[in-house]
Amino acid sequence: MKRPAQTLLLALTGFGLLHASLFSDLYLRYVKEGLRPLLITSGVLLLLLGLASAALDRRRDGHAGGAEHDAHGQGHGHGHDHSTAPRIAWLLFLPALSLLLYAPPALGAYTASRANDKAVKEQKRFDPLPATSPLPLTLTQFTTRVQQDPERAIKGRSVQMTGFVTPDKQGGGWYLTRIIFTCCAADSQSVKVRMYGKPAPPADAWVAVTGNWHPHGALGTRSAEPALDVRATRRISPPVNAYTDDLPLTPS
169 MKRPAQTLLL ALTGFGLLHA SLFSDLYLRY VKEGLRPLLI TSGVLLLLLG LASAALDRRR
229 DGHAGGAEHD AHGQGHGHGH DHSTAPRIAW LLFLPALSLL LYAPPALGAY TASRANDKAV
289 KEQKRFDPLP ATSPLPLTLT QFTTRVQQDP ERAIKGRSVQ MTGFVTPDKQ GGGWYLTRII
349 FTCCAADSQS VKVRMYGKPA PPADAWVAVT GNWHPHGALG TRSAEPALDV RATRRISPPV
409 NAYTDDLPLT PS
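Numbering-wise, the numbering used here comes out as the position in the sequence shown, counting from 1, plus 168.
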């Protein structure tokens, strides 16, 4: 790989980062939302380095051409460029081009069925639940209430949650799921709530579900299963940022 190709790679990578983070939301399939400013900054710097390198190469070629012309009569001009990188460096163009031409598929049921489940943090204090019915909760909030709330405030409450469908690997059931990025796709974890009472929608379908806690185990203790007796399901559109555990996207 010669100097012009190296310069092109710098500029292409910079533009690819800007395409994914500044001109679209594709970066959310790689990293969490808070890293967007760093990606934009990196893209700008790489693009500027590529343009600066191209300008310097053009100036250097102009000086070299003049020197070669002056030395031609004396036989000293040779004009060869030995600034090359190993051939394997050409593979670096693949990730650079993928940022521009290929959007990776969103992580979904296949990943969730194999990813580590997100550990729910211990919570000592719980605020009173609002009287809203159905009560909008995240999957993490529901799991925490079911397993840790000594007041068992979730008992008998109609709740609403959103997520995507993950079929049970053993068959015969399904989970409402969210994949959560701590930093990026490599450290993703999943939080899942078991669904009872309704047939499984298609895998990876985003749904809003309404129902009540499925009694299994002692409510307010770790023996309680984070599960729902589903009364209603509704297909919804995936959120722009699918890798957070947010409140339901739409009202019931």
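All C-beta atoms, glycine included, are put in the ideal place defined by N, C-alpha and C.
Quick caveat: nothing in here was measured; it's all calculated off a predicted structure.
Check residue i in the structure and name its three-state DSSP category.
i    : result
P419 : In this predicted model, P419 has a pLDDT of only 48, less than 50, meaning its place in the structure is not dependable; the value taken from the coordinates is given anyway. Residue state, collapsed to three classes: coil.
D229 : helix
V199 : strand
L303 : strand
G243 : Its pLDDT being 49, under 50, G243 is placed unreliably in this model, and the coordinates cannot settle the point.
A274 : coil
G365 : coil
R325 : coil
Do residue j and residue i count as a contact pair if the criterion is CB distance below 8 Å?
i    : j    : result
Q398 : A373 : It should be noted that the sequence gives Val, not Gln, for residue 398. Taking 8 Å as the Cβ cut-off, V398 and A373 do not qualify as a contacting pair.
I348 : D295 : no
T378 : P298 : no
H382 : A368 : no
V375 : T330 : yes
L267 : G184 : yes
T312 : Q338 : no
K289 : L387 : no
A410 : S356 : no
Just to confirm my understanding: we take residue i, look at its own chain, exclude 5 residues before and 5 after, and list those with CB closer than 7 Å. What are they?
i    : result
Y195 : A188, S189, R204, L207
T389 : Q315
Per DSSP, residue i is paired with what?
i    : result
F332 : T345, W374
To which residues of the same chain is residue i closer than 8 Å at the C-beta, ignoring the five residues directly before and after it?
i    : result
F261 : L177, L180
A216 : Before going further, note that residue 216 is Leu rather than Ala in the sequence given. The answer, listed in chain order, is G182.
L213 : G182
D229 : none
Return the chain-ordered list of same chain residues with a C-beta closer than 6 Å to the C-beta of residue i, the five sequence neighbours on each side being excluded.
i    : result
F360 : For clarity, residue 360 is Lys in the given sequence; the question names Phe instead. So the list reads Y343, T345, once near-sequence residues are dropped.
A371 : A277, V333, P335
V327 : P302, L303, L305
G243 : Here G243 scores only 49 on pLDDT, less than 50, and its place in the model should not be relied on; the value that follows carries that caveat. Cβ neighbours of G243 beyond the five flanking positions: none.
V199 : C352
A400 : T378
P172 : none
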